[in-house]
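For the sequence shown, position 135 matches number 136 in the numbering used here, and the numbering has no gaps at all. Glycine included, C-beta positions come from ideal geometry on N, C-alpha and C. Let me begin by presenting the structure, written as structure tokens, before commenting on it.
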Amino acid sequence: MAWIWTTAISAIIFLYLLQQFLNLKKNKKLPPGPIGLPILGHFHFLGKNPHHDLHHLAQKHGPIIYLRFGSVPTIIVSSPAAAELFLKTHDAIFANRPHHEASSYLGYEQRNIVFGKYGQYWRNMRKLCTLELLSNLKISQFQTMRKTELSLLVGLLKKAAETGETVDLSVRITNLSADMTCLMVFGKKYEDSDLDEKGFKEVMKETMEEAAAFNIGDYFPYLRGLDLQGSARRLKRLSKIFDGFLERIIDEHVKNEKEKKDGQDFVDTMMGIMESGEAGFEFDRRHVKAVLLDMLLAGMDTSAAAVEWALSEVIRHPEVMEKLQKELEEVVGKDKMVEESHLPNLKYLDYVVRESFRLHPVGPLLIHESMEDCEVDGFRIPKKTRVLINVWAIGRDPVAWKDPEKFFPERFYENNVDVRGRDFQLIPFGSGRRGCPGLQLGLTMVQLMVAQLVHCFDWELPIGMMNSDLDMSENFGLVTARAKHLMAIPSYRLLH
């Protein structure tokens, strides 16, 4: 084993020196940044919350800075104006995703939407998914299902309210989001034992953590084959679990195709397109599975984390809860539950959700890659440079936002900044070619869950806790959720 490490270290040193020699003349017009370490680059600046650390560096060096992680040149973007340059002005150049090991194993060699390489195939696949899976018509098809699942949760919480029980909202919301996602994608809920002996949700959690974990092979590609951390081995195992699971689901749908009557889940839709040959490009089971895994991973944790953050802020700010409940009473009525048809008329709810997205984007860093050499704001950006858009920092930019650390939904009364990617002060769903195609579905689910839980219940923190005691620390990952579960005591407030 010792000789492997010796060879690896020698190779790193040689390649680093060669790289430095070749880049001496090229680096003159790169963006500013701190001095890095030989070989390692700027890894030592990052802690457990990289988006915070990158924000601090930007405050010192500017909104566009250059860092190097191992052998990977990286640009950090931390202001609305800078984000607009990369996501709008030069969007076509920065529409790519970098290759990393997780994208190979979990994206079926980047055949999916999230990790896919930008090009004709990706454009075709995104268009297909947008029209067939994420259209307003398809979203409305599952409206009754969302109402039913949310009503089941309200029933459980109502029982807890009768006994004054403290509820783990993080678990309840995650379970609800998982059930809704499975019903949309697969047509049925799945129990823990259906995926792996570890359990459905545990494997999902492990997958999200592994996809976001530091992998030395991604930053020192010549070490990838050695798999020094065991990352490839773990990703292979997870990929095999999901592949077997998705194969079983597809086989079940093919077998039961004749029994289908009303409504189609995502599997039915994708298989119908594959079997008809109407896709217009190569589209087989691998592509179907890549899209299904995309929808599963993207749908479950993102909505749940967003709802957790919004409820955390509402509970911390009783005046916001009271104001939101008053709006809900006026629009919905205290004798009824919230329907999706009410959402367009709930303006303050919209402001609360927007403000939560501003302070707590579930994807704080958006990753892109340049497809050719270019110049941005006078700086030279070489081909295959990674670009990290720090959405978390942009949401706290004091130039764009007054009192940026304050949770204040009322700011949107006069500031009509939207979350749909047109206003670069607030881009929780990204923007440009790589903007999230599931924006409308995600927004609907988050608004509906927050509205229903605040309308049906008053919420208090566990006995002895002050609002200021609520821990708002983050657990950074592919989806950045609360580090500690949200615990609260519900009191039922409707008239029926």
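Assigned secondary structure, M372 (DSSP; H/G/I helix, E/B strand, else coil): coil
Nearest-angstrom Cα distance between G48 and M275? Distance from the CA of G48 to the CA of M275, rounded to the nearest whole angstrom, comes to 45 Å.
Name, in chain order, the residues that DSSP records as bridge partners for A482. Partner(s): N476.
DSSP state of R494, grouped into three classes? coil
Closer than 6 Å by C-beta to L496: which residues in its own chain qualify, once you throw out the five before and the five after it? Chain order, please. K335 and D336
Taking F187 as part of the beta strand (DSSP E), name the residues at either end of that continuous run. It is not in any beta strand (DSSP E) - F187 carries neither H nor E in the DSSP assignment.
Does any CB atom of chain C fall closer than 9 Å to the CB of R387? Although the question refers to chain C, the structure presented lacks it and comprises just one protein chain.
At the level of alpha carbons, what is the spacing between I428 and G422? 5 Å
Pairwise C-alpha distance: F358 and V339: Rounded to whole angstroms, V339 to F358 spans 21 Å at the Cα level.
In three-state terms, what does DSSP make of P81? Here DSSP, grouped into helix, strand and coil, assigns P81 to helix.
Pop quiz: I395 and S80 are said to be a contact at Cβ under 8 Å. What is the actual Cβ separation, rounded to whole angstroms? Correct: roughly 6 Å between the Cβ atoms.
When DSSP labels each residue in this structure, what does N391 get in the three-state scheme? strand
Three-pair Cβ contact test at 8 Å for the segment 359–374 versus the segment 305–315: yes
Measuring only the C-alpha atoms, how far is R69 from F430? Each residue's alpha carbon lies about 26 Å from the other.
To the nearest angstrom, how far is the alpha carbon of L294 from that of F243? Cα to Cα, the separation comes out at about 8 Å.
Buried or exposed for Q60, please, with buried defined as at least 16 other CB atoms from any protein chain shown within 10 angstroms of its CB. exposed
On the three-state DSSP scale, how would you describe T131? helix
Let me confirm a value: Y119 is counted as buried when at least 16 other C-beta atoms fall within 10 Å, else exposed. Which label applies? buried
Under a Cβ-count criterion, where at least 16 other Cβ atoms within 10 Å of its own Cβ denotes burial, should L479 be classed as buried or exposed? buried
Taking the alpha carbon of L171 as the point to measure from, which residue in L184, V186, K202 and L138 has its own alpha carbon closest? As written in the sequence, residue 171 is Ser, which differs from the Leu given in the question. That would be K202, whose Cα lies nearest to the Cα of S171.
Own chain, CB closer than 7 Å to K189, minus 5 neighbours either side, in chain order: C183
With a threshold of 6 Å on Cβ separation, who are the neighbours of A179 within its own chain once the five nearest residues in sequence on each side are excluded? M301
Three Cβ pairs or more, each shorter than 8 Å: is that satisfied between the segment 240–254 and the segment 114–131? no
Across the segment 408–426 and the segment 345–356, are there enough close Cβ pairs to call them in contact, namely three or more that are closer than 8 Å? yes
For F413, three-class secondary structure by DSSP: helix
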